[in-house]
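Residue numbering for the sequence shown follows the numbering used here, starting at 120 and increasing by one per position.
Everything on this sheet refers to the single structure shown next.
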Amino acid sequence: MKADLSFLSVVADGPDDYVIGNGERFVNVPGVAAAVIAALDGTRTLAEAQARVLAEQGVDVDVAAFVTGLEGAGLLSRPERPPNRWDRIRPHHVAWLFSRPAHAVLILLTVCAVAAAVADPGVLPSLSALVWSDSLTFTVAFAAGSWILVLVHELGHIAAARSLGVRAELSLGTRLQFLVVQTRITGIWGVPRRARYRAYLAGMRSDWFLVCAGACTLYVAEIPLVRLVMVICLSQIAWQFLFFMRTDVYYAFANASGNKNLMADAQAYLRAALKGTPAVRDRPGRSVRVYAWFLAAGRVLGLAFFALYTVPITAEVCRRSVAELPGWQPVAALTLVAAGWLLYLGLLGRRLLRSGLLRSGLLRSGTVGSGTVGLRRFVPGPLRSRLPGWRR
Numbered sequence: 120m121k122a123d124l125s126f127l128s129v130v131a132d133g134p135d136d137y138v139i140g141n142g143e144r145f146v147n148v149p150g151v152a153a154a155v156i157a158a159l160d161g162t163r164t165l166a167e168a169q170a171r172v173l174a175e176q177g178v179d180v181d182v183a184a185f186v187t188g189l190e191g192a193g194l195l196s197r198p199e200r201p202p203n204r205w206d207r208i209r210p211h212h213v214a215w216l217f218s219r220p221a222h223a224v225l226i227l228l229t230v231c232a233v234a235a236a237v238a239d240p241g242v243l244p245s246l247s248a249l250v251w252s253d254s255l256t257f258t259v260a261f262a263a264g265s266w267i268l269v270l271v272h273e274l275g276h277i278a279a280a281r282s283l284g285v286r287a288e289l290s291l292g293t294r295l296q297f298l299v300v301q302t303r304i305t306g307i308w309g310v311p312r313r314a315r316y317r318a319y320l321a322g323m324r325s326d327w328f329l330v331c332a333g334a335c336t337l338y339v340a341e342i343p344l345v346r347l348v349m350v351i352c353l354s355q356i357a358w359q360f361l362f363f364m365r366t367d368v369y370y371a372f373a374n375a376s377g378n379k380n381l382m383a384d385a386q387a388y389l390r391a392a393l394k395g396t397p398a399v400r401d402r403p404g405r406s407v408r409v410y411a412w413f414l415a416a417g418r419v420l421g422l423a424f425f426a427l428y429t430v431p432i433t434a435e436v437c438r439r440s441v442a443e444l445p446g447w448q449p450v451a452a453l454t455l456v457a458a459g460w461l462l463y464l465g466l467l468g469r470r471l472l473r474s475g476l477l478r479s480g481l482l483r484s485g486t487v488g489s490g491t492v493g494l495r496r497f498v499p500g501p502l503r504s505r506l507p508g509w510r511r
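Below you can see the structure in the form of structure tokens.
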């Protein structure tokens, strides 16, 4: 019987390293496994594919066992995914946003913004210049502006993903104590490694465009709302560099290091180091070891910020609002605070419940996050045993 695996994408990702997938699930394999996929194009039986790989690669692969392994990994069927609103965006609709002329416009706008800041330092945003009108009006404007600009940031990811022909999905999630909007772009593994940076960095690119446009606007006219937009966008860019969480910079860094499971590997290394188990002697790559301790320090600082800043300031806002009762303004402030915390706790609880079900085996692992999670090296036993010197 002839087997056809031509629907699987095969992308070279490094020396003897390929990523294969069906658009929803992806694994990385050595070159000989990619050769097996190429041979199973619907014109050969498993035995004929095995003979071809032996002739071309000099490796006698148990192709039948390999295909069985692919089936176990859920790669032998095309994913059934209902269409979403972002599927309507075709690559040609948004590819121009990432063209050379678009890059040139952004560079020119950056130069103009720097020139405006040099000519008039007053265009640079400052916290003291932000607050206008009464505090409630500002709070509402800041909250609404933050959510709108977060959406603009994520739309940048969506546009970049769709320009590469990758499916995108938008959802809410959490990063430590932060409530976040996130874009799921699992299919990014199906495009060349260099092209992935477009999707990973598109959100910050959108933020930077608005910052530069804001600086140029303030050079001409003083508009408080523009300052607010600049501050929010700059804070969003800065937040992405907290890449002890799965931020845009984390995915770009992991892509540059070539480690597809950077966070998971770093966490495993830290657990082994803290327990003093022999696993530490396996000496993972330098990028994993360096990132592991950055991850540990970042998590500690993030939790400290939560305990020493977020919780106390929330408590103080609530205390003042209660002291101002009765009145609609303190009620509105308390409602906003409560809504934010309830949303965060609900999403956090759902994530913890899901992770518990995953560990218990009641659910299958999926791909989530602002980008995608790592891959796993996939080599069934019969293939690995015939690759002397190949290491995980």
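Every residue, glycine too, gets a C-beta built ideally from N, C-alpha and C.
In this text the structure is predicted, and so the values were computed from the model without any measurement.
| said: If we require 3 or more residues per run, which beta strand (DSSP E) segments fall completely within the segment 126-154? | reply: List check, beta strand (DSSP E) in window: 128-133, 136-140, 145-148.
| query | Of the choices Gln386, Thr433, Gly292, Val441, whose alpha-carbon is the least far from that of arginine 418? | reply | Walking along the sequence shown from the start, residue 418 turns up at place 299. Among Gln386, Thr433, Gly292, Val441, the Cα nearest to that of arginine 418 belongs to Gln386.
| query | Looking at C-alpha atoms only, which residue of Trp215, Val230, Thr454 is the closest neighbour of valine 441? | reply | To locate residue 441, count along the sequence shown from 1; it is residue 322. Distance from the Cα of valine 441 is smallest, within the candidate group Trp215, Val230, Thr454, for Thr454.
| task | Take the Cβ of valine 186 as the centre, count every other Cβ of all protein chains shown within 10 Å, and call the residue buried at 16 or more, exposed below. | result | Reading the sequence shown from its first residue, position 67 is the one you call residue 186. By the neighbour-count rule (16 or more Cβ atoms within 10 Å), valine 186 is buried.
| query | Rounded to a whole number of angstroms, what is the C-alpha to C-alpha distance between arginine 324 and tyrosine 463? | reply | For this step, residue 324 is matched to residue 205 along the sequence shown. For this step, residue 463 is matched to residue 344 along the sequence shown. Looking at the two C-alpha atoms, the distance is approximately 27 Å.
| Excluding five sequence neighbours on each side, which residues of the same chain lie with their C-beta closer than 6 Å to the C-beta of glycine 459? | For the purposes of this step, residue 459 is taken as residue 340 along the sequence shown, with counting starting at 1. None.
| task | Spell out the partners DSSP gives glycine 292 in its beta bridges. | result | The residue given as residue 292 occupies position 173 in the sequence shown. BP columns for glycine 292 point to Val299.
| task | Find out if the Cβ-Cβ distance for the pair alanine 375, alanine 318 is shorter than 9 Å. | result | Translated into positions along the sequence shown, residue 375 becomes position 256. Translated into positions along the sequence shown, residue 318 becomes position 199. No; because the gap between Cβ atoms is not below 9 Å, this pair is not in contact.
| query | Just to confirm, are tyrosine 316 and alanine 371 a CB contact at a threshold of 9 Å? | reply | Along the sequence shown, read from residue 1 onward, the residue named residue 316 stands at position 197. Along the sequence shown, read from residue 1 onward, the residue named residue 371 stands at position 252. Yes, they are a contact pair.
| Chain-order list of residues whose beta-carbon lies under 8 Å from that of phenylalanine 529 (same chain, five-residue window excluded) | Because the chain spans 120 through 511 in this model, residue 529 falls outside it and cannot be assessed.
| request: Put lysine 121 into one of helix, strand or coil per three-state DSSP. | output: For the purposes of this step, residue 121 is identified with residue 2 of the sequence shown, where counting begins at 1. Here lysine 121 sits in strand by DSSP.
| message | Considering Cα atoms alone, identify which of Ala131, His211, Leu471, Thr433 is closest to arginine 281. | response | One-based indexing of the sequence shown puts residue 281 at position 162. Minimum Cα distance to arginine 281 is reached at His211.
| Under a Cβ-count criterion, where at least 16 other Cβ atoms within 10 Å of its own Cβ denotes burial, should tryptophan 358 be classed as buried or exposed? | Working through the sequence shown from its first residue, we reach residue 358 at position 239. Tryptophan 358 is buried by the Cβ-count criterion.
| Between serine 504 and the rest of its own chain, which residues show a CB-CB distance below 6 Å, the 5 nearest in sequence each way excluded? | As a working mapping, residue 504 is identified with position 385 in the sequence shown. The pLDDT assigned to serine 504 is 33, lower than 50, so where the model puts this residue is not dependable; a value taken from the coordinates is nonetheless given after this. Counting only Cβ-Cβ distances below 6 Å, and skipping sequence neighbours, we find nothing.
| Roughly how many angstroms lie between the CA atoms of valine 399 and tryptophan 412, to the nearest whole one? | In the sequence shown, the residue the question calls residue 399 occupies position 280. In the sequence shown, the residue the question calls residue 412 occupies position 293. Annotation note: pLDDT 49 at valine 399 (below 50); position unreliable, coordinate value reported separately. Valine 399 and tryptophan 412: Cα-Cα distance of roughly 14 Å.
| request: Could you check the C-alpha separation between glutamine 448 and leucine 361 for me, to the nearest Å? | output: Position 329 of the sequence shown, counting from 1, holds the residue named residue 448. Position 242 of the sequence shown, counting from 1, holds the residue named residue 361. When rounded, the distance between both Cα atoms is 34 Å.
| request: Please classify serine 504: does DSSP put it in a helix, a strand, or coil? | output: What you label residue 504 is simply residue 385 of the sequence shown in a count that begins at 1. With a pLDDT of 33 at serine 504, under the threshold of 50, the predicted position of this residue should be treated as unreliable, though the coordinate-derived value follows. In the structure shown, serine 504 sits in coil (DSSP, three-state: anything other than H, G, I, E or B).
| Helix, strand or coil for threonine 229 per DSSP? | By 1-based counting over the sequence shown, the position of residue 229 is 110. It is helical.
| Can the beta-carbon of threonine 305 be found less than 9 Å from the beta-carbon of phenylalanine 145? | Within the sequence shown, the letter at position 186 stands for residue 305. Within the sequence shown, the letter at position 26 stands for residue 145. Yes. Within cutoff.
| message | On the CB-based measure, 16 or more other CB atoms within 10 Å of its CB, does proline 311 come out buried or exposed? | response | For this step, residue 311 is matched to residue 192 along the sequence shown. Proline 311 comes out exposed.
| Residue range of the beta strand (DSSP E) that includes threonine 164 | As a first step, residue 164 must be located in the sequence shown, where it is residue number 45. Note, threonine 164: beta strand (DSSP E), 160-164.
| request: Inspect the CB distances between the segment 340-354 and the segment 158-174 and report whether three or more fall short of 8 Å. | output: no
| query | Are glutamate 341 and tryptophan 205 closer than 9 Å when you measure CB to CB? | reply | Counting from one through the sequence shown, the residue named residue 341 turns up at place 222. Counting from one through the sequence shown, the residue named residue 205 turns up at place 86. Their beta carbons are not under 9 Å apart, which means glutamate 341 does not touch tryptophan 205 by this criterion.
| query | Are the segment 159-168 and the segment 215-227 touching by the rule of at least three beta carbon pairs closer than 8 Å? | reply | no
| request: Please classify glutamate 273: is it buried, with 16 or more other beta-carbons within 10 angstroms of its beta-carbon, or exposed? | output: Working through the sequence shown from its first residue, we reach residue 273 at position 154. So glutamate 273 counts as buried.
| field | Buried or exposed by the 16-neighbour rule on C-beta atoms within 10 Å, applied to threonine 433 | value | Indexing the sequence shown from 1 puts residue 433 at position 314. Threonine 433 should be labelled exposed.
| query | How many Å lie between proline 431 and valine 450 at the Cα? | reply | Numbered from 1 along the sequence shown, position 312 holds the residue referred to as residue 431. Numbered from 1 along the sequence shown, position 331 holds the residue referred to as residue 450. Approximately 19 Å, taken between the alpha carbons.
| query | By the 10 Å Cβ neighbour count, where 16 or more other Cβ atoms means buried, how is threonine 366 classified, buried or exposed? | reply | In the sequence shown, the residue the question calls residue 366 occupies position 247. Result: buried.
| request: Starting from the Cα of valine 436, find the closest Cα among Val230, Phe425, Ala457 and give me that residue. | output: Numbered from its first residue, the sequence shown carries residue 436 at position 317. Ala457 is the residue among Val230, Phe425, Ala457 whose C-alpha sits nearest the C-alpha of valine 436.
| Length of the line joining the Cα atoms of alanine 184 and aspartate 123 | The residue given as residue 184 occupies position 65 in the sequence shown. The residue given as residue 123 occupies position 4 in the sequence shown. Cα-Cα distance, rounded: 16 Å.
| said: If you reduce the DSSP assignment to three classes, tell me which class lysine 394 lands in. | reply: As a position in the sequence shown, residue 394 is number 275, starting the count at 1. Lysine 394 falls in the helix class under three-state DSSP.
| query | Taking Cβ positions, are isoleucine 307 and valine 285 nearer each other than 9 Å? | reply | Here residue 307 corresponds to residue number 188 of the sequence shown, with the count starting at 1. Here residue 285 corresponds to residue number 166 of the sequence shown, with the count starting at 1. Yes, they are a contact pair.
| Is glycine 241 helix, strand or coil by DSSP? | Residue 241 sits at position 122 when you count from the first residue of the sequence shown. Three-state result, glycine 241: helix.
| Residues in its own chain within less than 6 Å of proline 134 by CB, not counting five upstream and five downstream? | Taking the sequence shown and counting its residues from 1, the one referred to as residue 134 is at position 15. Correct list: empty, nothing qualifies.
| task | With a 10 Å radius around its C-beta and 16 neighbouring C-beta atoms as the bar for buried, classify isoleucine 277 as buried or exposed. | result | Here residue 277 is taken as the residue at index 158 of the sequence shown, counted from 1. Buried.
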